[in-house]
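The structure appears below as structure tokens.
Number of protein chains: 2
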Amino acid sequence: MMSLESVPPKYAQLVQTIQRRIEAGTYAPGSLLPSENQLIQEFGVSRPTVVAALRVLREQGWIESQQGKGRFVRGRPALTSAEQPRLGQAYLTAPESTSPGEVMEAAALAAPNRIAALLGLAPKGKAFLRRRLVSRDGEPTELVSLWVPVEVSEGTDLTSAEPLPQGLRDHLQARKGVRFDHVVEQITARMPTAEETAQLGMPKNTPLLAVYGAVKDASGTALAVVEVLLPADRHELEDAYPIS
Amino acid sequence: MMSLESVPPKYAQLVQTIQRRIEAGTYAPGSLLPSENQLIQEFGVSRPTVVAALRVLREQGWIESQQGKGRFVRGRPALTSAEQPRLGQAYLTAPESTSPGEVMEAAALAAPNRIAALLGLAPKGKAFLRRRLVSRDGEPTELVSLWVPVEVSEGTDLTSAEPLPQGLRDHLQARKGVRFDHVVEQITARMPTAEETAQLGMPKNTPLLAVYGAVKDASGTALAVVEVLLPADRHELEDAYPIS
DNA sequence: CTTAGGCACTTGACCTATCAAGCGGGCTCT
DNA sequence: AGAGCCCGCTTGATAGGTCAAGTGCCTAAG
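Line by line, the protein sequences give chains A and B.
Here our numbering = 1-based position in the first sequence + 1.
Here our numbering = 1-based position in the second sequence + 1.
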């Protein structure tokens, strides 16, 4: 009788075990980790297995090693690169249904200069716009616009007035076979238009924070642009990162 | 006679060699890399050495591997996490002499609420402020303020009206023995004060982009806050990152 | 008492193996 | 001719080693 469930490799199990012990305080930050030989004895595995696990832990920042002395516990690596997903990325992966809101617009129209430039379209080129007014605690707080070239929008559910049950990323990847590779994000600020002031219920003389996320494939071709407009009196962008 | 120059380990040499071949086109993107056995024969090393090199290359994104088929060339990995250093980090590491500017203020005073909160001080707590008006192309463009708790500022050259020849990071680490670990960055926008409008020569009704970078050590204690004020009509923040 | 040497323990680098698992082409049997 | 099996190639995981280099302690010699 064969077991159908695939067990993770031993070194990966060891990684998990040691991570749990560090989190539980069994291996306290700053203290010396058991040596390779001790771990070999305790877990009954060979040295390459132990070393493989410790290498993973070092690369992830849990421990650091010093030749001749041993390996020291650093603790749970707080920041890999960004604690929380960036704003642009968040709106790409999360389904629309996770944030309550109302679809304001869903149509093909001439893209503004900035959008056309990010998408690599000719000035005044046409793009498909899907704009949602997102609410938090019952109040409108953000205007999220998705711009895609018309040829990419064909055959998708972007025209629907209903929230997409699937994240945009999965939707486009499934329907169009494109692969998202990276995001180029621009952040700027400007004064809102009268229409934006009304839609967002903003006080007078408050600027808008504007985040533009251009989604590109591996070759650098732009596949979509996410535009997020945030009233600056109610929103901030926060990000944490380690120092090189 | 012993050679004093230390040679890099074999697997690291192999990594470099293969990287160069990928960049030179010898191993074209999409093509199949020579198999482990072929590399063993060509370079006269053992399998673990070859595997270690290929593991590094896979983790760095140069190649991908498929069990049963082989390893495929992907090409030079474009984005590791951020192409250019973040704004907050840039002002911490670069010496002031790299950006022309004028020291406007250098004194200890009661920190504004936001700064006090980021530094972990009591409201109205005192902090040392060093404010510079940075110019590009002869025109003032950015207001860069450095806030440090008074006890950290003691024994440093922060009071000098001259540009610091050393980066702030190196200066504080050398003088005070503190170690920078990570940065928490906040981005917001607001309307400028009359004084800021005058100093920066901003047009009417233009918002300010405000970037706050709180520098912390490994324990989370704030060591300094960098405040960068940018007129939104002339500046944008741009960042690129790979999709998870 | 001080210092230099030696030894034990650590990690780093490298080697020769074995077995499992995934893939693909060719051979054989129907 | 077609279908299925098998074998060889690939990577993945793991075991058992050796040698080198760095650290720290202890001891013995001055």
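Virtual Cβ for every residue (Gly too), placed ideally from N, Cα, C.
Check                                                                                                                                                             : Outcome
Below 8 Å on C-beta distance, what does A:E237 contact in chain B?                                                                                                : Q187, I188, T189
Using only alpha-carbon positions, find the residue among A:A107, A:P124, A:R77, A:E143 that is nearest to A:T160.                                                : A:A107
Throw me the rounded Cβ distance for the B:I41 and B:V51 pair, which I believe falls under 8 Å.                                                                   : 6 Å
Is the shortest distance between the beta-carbon of A:A54 and the beta-carbons of chain B less than 8 Å?                                                          : no
Residues of chain B with CB closer than 7 Å to the CB of A:M192, please, in chain order.                                                                          : N206, P208
How about B:R133 and B:V104: are their beta carbons less than 8 Å apart?                                                                                          : yes
Which of helix, strand or coil does DSSP assign to A:Y213?                                                                                                        : strand
Anything in chain B within Cβ reach of A:A91, meaning under 7 Å, just list it in chain order.                                                                     : Within 7 Å Cβ-Cβ: nothing; A:A91 doesn't reach chain B, min ~11 Å.
Does DSSP put A:F73 in a helix, a strand or coil?                                                                                                                 : strand
Give a yes or no on contact between the region 212–221 of chain A and the region 222–232 of chain B, applying the rule of three or more CB pairs nearer than 8 Å. : no
Kindly list, in the order they appear in chain A, the residues whose Cβ is closer than 8 Å to that of B:A233.                                                     : T189, A190, R191, P208
In the DSSP assignment, find the beta strand (DSSP E) that holds B:L134 and state where it starts and stops.                                                      : 127–137
Counting pairs of Cβ atoms below 8 Å between the region 31–50 of chain A and the region 64–80 of chain A, do you hit three or more?                               : yes
Can you tell which of B:P164, B:Q187, B:H172 has the C-alpha that lies nearest to the C-alpha of B:F181?                                                          : B:H172
Report yes if the CB atom of A:E143 is closer than 8 Å to the CB atom of A:G202, and no otherwise.                                                                : no
By how many angstroms is the C-alpha of B:P208 removed from the C-alpha of B:A195?                                                                                : 12 Å
Just the Cα atoms here: how many angstroms apart are B:E186 and B:Y92?                                                                                            : 13 Å
Around the Cβ of B:V8, are there at least 16 other Cβ atoms within 10 angstroms (buried) or fewer (exposed)?                                                      : exposed
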